[in-house]
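Protein chains in written order, with our numbering: chain R, 1 to 311; chain Y, 1001 to 1311.
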């Protein structure tokens, strides 16, 4: 296995799995994980960063594998009482999870950046690699649907992905820029990996941070993407449905088309081997392997295979 | 029993007991409870109002009788994790209790006053009487001790009342005024009751709200105080220790001296009957009765006795 400085871009569950794979084999100073914060939202007055939490909890070994969100073994006593107090509790937060958001909100309120807060939370959870939000500023994903605009969590959780998606857009503050850790990693890394995350809802927000797409176009090392769509379906989440509604093919080819110009190697599952030539025609090298990461061993294996590729 | 519009001034546990007694016998439109907020403090970025919570939880039937704070049957999963995140967790907050502070902080952040927030929380808890904070503005009790100035919670909880108290002072904002509900009750009530709360730490902060002392001096009906000191000891809390350290007698006489000019009838326990004449010399009528409120029946009885007095 080559020694590489890896920059992994990730959303929630799928991204966290591959990030954990890298974490199991790389030294702590050779892995940077940059996470989508387009889904961040305030609930009950607390700053919730769903994707950062999923990555943190996964690498910290406390993620609930059954739900894809939250901490394993949770209770919901605080939420139940918030509901009694008239709070609109469609967004589930467990008692332990609540502490994450309370602490984040407290530290942000004290003037810390989201990067600094994330660093503090990760240290407490004993997480070695560097996890950074894509930006320390506001960039929110807006899902434009037939029933109106909504935040991603409103779309995903409150409306269970039911409304038809017309388009996605990003609401960003004028000062929005890549977080300092992301900037540094874009310069210092020699391998860029798009984790198998939703291209619209996890990767596009990262690319929408001003300057990021250009920097990735000019990245000094190989850029590798892993398809989150296998056999015509998303492994998890609404990627398939959104691809279809936005007029794209629900396949790894549909995903690959999103990565033209910013990706050199596209990794697809064995199940999709027959689609390899279609993707090669887009100008990317294709690698066919097992991409479904059920066990930690499978996560490690996929990460190892990515690091072992002959660039 | 006479029909009276009662205004009860209360701190924490002792005040809440008598407030509950009144609540058990009065119609909802005839009882106003005004609560000390000098002990309010921010913990983990959340606005905590300890005395308001004690009164609310007591009248809502969910107060933990063993601790004197918090909700019965609590768990502390959120707090434990906050500790893991590096928060200084000397102030215990249970998971259900946490919801109160999260909701209060959220509603305050949305521009509601503490009165409005308290009203919302009370409605959710099914509490009929009107409970108001003494003020919607900042008035903090500062305990000046031999080891420095501290908030009441720092003194009471963090330092377990150990430092010797030199004096008490109040840090208040320039706009500090009685809450609208308190103002209205001062005009509309025909009976004012100082609940058996700490005269320095619960009643003095209420009296320190600009204008309150004058309004109580000119109050249109009888003003009745119940001594929180029985047999030379506080029933609960540090009242005895503070009376002593500030050079006062640790007795109901020491308390009565704090109420000269603002109280007409002073109620002491049978155990202190021998001190009645000393208090009468201060210019107050003395009523001797059972003031220890263990059971709800005892709470109701004391309240009833107060309402039945011949003014």
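Glycine is no exception: its CB is placed at the ideal position from the N, C-alpha and C atoms.
Spatial distance of residue i from residue j (CA atoms)
{"i": "residue 169/R", "j": "residue 106/R", "result": "29 Å"}
{"i": "residue 1025/Y", "j": "residue 1302/Y", "result": "11 Å"}
{"i": "residue 1256/Y", "j": "residue 1207/Y", "result": "15 Å"}
{"i": "residue 1177/Y", "j": "residue 55/R", "result": "48 Å"}
{"i": "residue 1196/Y", "j": "residue 1227/Y", "result": "5 Å"}
{"i": "residue 1286/Y", "j": "residue 1181/Y", "result": "30 Å"}
{"i": "residue 1189/Y", "j": "residue 1079/Y", "result": "41 Å"}
{"i": "residue 125/R", "j": "residue 1077/Y", "result": "15 Å"}
{"i": "residue 120/R", "j": "residue 1198/Y", "result": "41 Å"}
{"i": "residue 1249/Y", "j": "residue 1299/Y", "result": "27 Å"}
{"i": "residue 104/R", "j": "residue 141/R", "result": "20 Å"}
{"i": "residue 294/R", "j": "residue 230/R", "result": "14 Å"}
{"i": "residue 1273/Y", "j": "residue 43/R", "result": "56 Å"}
{"i": "residue 1212/Y", "j": "residue 1061/Y", "result": "30 Å"}
{"i": "residue 260/R", "j": "residue 92/R", "result": "37 Å"}
{"i": "residue 1219/Y", "j": "residue 1031/Y", "result": "16 Å"}
{"i": "residue 1308/Y", "j": "residue 1238/Y", "result": "31 Å"}
{"i": "residue 1111/Y", "j": "residue 1046/Y", "result": "15 Å"}
{"i": "residue 179/R", "j": "residue 1068/Y", "result": "46 Å"}
{"i": "residue 279/R", "j": "residue 310/R", "result": "19 Å"}
{"i": "residue 1175/Y", "j": "residue 243/R", "result": "56 Å"}
{"i": "residue 1221/Y", "j": "residue 1203/Y", "result": "19 Å"}
{"i": "residue 96/R", "j": "residue 123/R", "result": "17 Å"}
{"i": "residue 1149/Y", "j": "residue 1155/Y", "result": "9 Å"}
{"i": "residue 1038/Y", "j": "residue 1201/Y", "result": "8 Å"}
{"i": "residue 1001/Y", "j": "residue 1275/Y", "result": "For residue 1001/Y, the predicted model reports a pLDDT of 47, less than 50, meaning its position is unreliable; a value from the coordinates is still stated below. About 28 Å."}
{"i": "residue 87/R", "j": "residue 158/R", "result": "14 Å"}
{"i": "residue 1304/Y", "j": "residue 1163/Y", "result": "39 Å"}
{"i": "residue 1127/Y", "j": "residue 1153/Y", "result": "26 Å"}
{"i": "residue 184/R", "j": "residue 1147/Y", "result": "47 Å"}
C-beta contact flag for residue i and residue j at 8 Å
{"i": "residue 1089/Y", "j": "residue 1082/Y", "result": "yes"}
{"i": "residue 52/R", "j": "residue 133/R", "result": "yes"}
{"i": "residue 64/R", "j": "residue 205/R", "result": "no"}
{"i": "residue 332/R", "j": "residue 252/R", "result": "Outside the shown range of chain R (1 to 311) lies residue 332/R, about which nothing can therefore be said."}
{"i": "residue 58/R", "j": "residue 20/R", "result": "yes"}
{"i": "residue 40/R", "j": "residue 48/R", "result": "yes"}
{"i": "residue 172/R", "j": "residue 138/R", "result": "yes"}
{"i": "residue 193/R", "j": "residue 6/R", "result": "yes"}
{"i": "residue 145/R", "j": "residue 1075/Y", "result": "no"}
{"i": "residue 1129/Y", "j": "residue 1028/Y", "result": "yes"}
For residue j and residue i, believed in contact at Cβ under 8 Å, the rounded distance
{"i": "residue 1342/Y", "j": "residue 1070/Y", "result": "Lying before the first or after the last residue shown, residue 1342/Y is absent from chain Y, which here runs from 1001 to 1311."}
{"i": "residue 1102/Y", "j": "residue 1118/Y", "result": "Not really, about 15 Å apart at Cβ, beyond 8 Å."}
{"i": "residue 1136/Y", "j": "residue 1151/Y", "result": "Not a contact, Cβ separation roughly 19 Å."}
{"i": "residue 1143/Y", "j": "residue 1245/Y", "result": "Contact flag wrong, Cβ pair sits at about 11 Å."}
{"i": "residue 262/R", "j": "residue 306/R", "result": "17 Å between Cβ atoms; not a contact."}
{"i": "residue 161/R", "j": "residue 236/R", "result": "Residue 161/R to residue 236/R, Cβ: 12 Å. No contact."}
{"i": "residue 1012/Y", "j": "residue 1050/Y", "result": "6 Å"}
{"i": "residue 1191/Y", "j": "residue 1004/Y", "result": "4 Å"}
{"i": "residue 99/R", "j": "residue 1085/Y", "result": "6 Å"}
{"i": "residue 1270/Y", "j": "residue 1290/Y", "result": "6 Å"}
Contact with chain B by residue i, beta-carbon distance below 8 Å
{"i": "residue 124/R", "result": "No chain B appears in this structure, whose protein chains are R and Y."}
Contacts that residue i makes with chain Y (C-beta to C-beta distance below 7 Å)
{"i": "residue 99/R", "result": "1078, 1081, 1082 and 1085"}
{"i": "residue 96/R", "result": "1077, 1078 and 1081"}
Beta-carbon neighbours of residue i, restricted to chain R and to distances below 9 Å
{"i": "residue 1103/Y", "result": "44, 45, 81, 82, 85, 86 and 87"}
*What are the residues of the region 1105 to 1122 of chain Y that lie near chain R, defined by any Cβ-Cβ distance shorter than 7 Å?*
1105, 1106, 1109, 1120 and 1121
_Output needed in chain order: residues of the region 1046 to 1063 of chain Y with a Cβ under 9 Å from some Cβ in chain R._
1046
*Note down, in chain order, all residues in the region 73 to 92 of chain R with a beta-carbon under 7 Å from any beta-carbon belonging to chain Y.*
75, 77, 78, 81, 82, 84, 85, 86 and 87
_Under 8 Å (Cβ pairs) to chain Y, residues found in the region 31 to 44 of chain R_ = 44
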